[in-house]
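What follows is a set of notes on a single structure, which appears directly below.
Residue numbers (this note's numbering): 572 to 788.
What follows is the structure, encoded as structure tokens:
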């Protein structure tokens, strides 16, 4: 295996508790009457993460005015970003940073690898950069793409990264049915992170912890 394209939420880390704080702050500030009883929880976000941001907004905010929904989602993303920046708790899954460095050939404690590492997520623009910065992995991620920047579905963003970098022997690592479907549409093998948020059948491979990727290269 030469190249891994990675999902974020439920695969690299679990930011749902932190994100819920930011989204509830946005709900309180906007005070949309139809949403006065809505409380965003980590569990509710786990059911949504992996979907494009506009779909998440439709699921959580329902049939409120479209302009209000757009403004609310924008504020949610802003406060989510701030909450993650200010968070001091380690929300990254065990072994992720060490495993990524080993795969990239930057492991001082084991046999180095030579894998290309990429990220594709359905997140908002700026989120991937924040994830890389918080985890100190910016230098080993070769390229990334997201829904917030292109407006494209995950399968199309996977294809973009593959085409941009001339990749072959590509595997997408994710934790939801949406990730599985996107990988199939993009024509790449799927590695199911079973410790994450979803339940997938039919995956090409399965890892029970992130470090299991080292056994596959």
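No residue lacks a Cβ here, since even glycine has one placed at the ideal position from N, Cα and C.
query	result
Assigned exposure category for residue 659 - 16 Cβ within 10 Å defines buried	exposed
Three-pair Cβ contact test at 8 Å for the segment 753-765 versus the segment 716-734	yes
Selection from 574, 600 and 701 that minimises the alpha carbon distance to residue 655	701
Beta-carbon spacing of residue 649, residue 597 below 9 Å	yes
Simplified DSSP state of residue 650, which is helix, strand or coil	helix
Bridge partner(s) assigned by DSSP for residue 574	687 and 741
Reduced DSSP category for residue 754 - H, G, I as helix; E, B as strand; rest coil	helix
Nearest-angstrom Cα separation, counted from residue 744 out to residue 777	9 Å
Run of the alpha helix (DSSP H) containing residue 635, from where it starts to where it stops	Run containing residue 635: none; DSSP gives neither H nor E here.
The segment 656-676 contacting the segment 599-606, beta-carbon criterion three pairs below 8 Å	no
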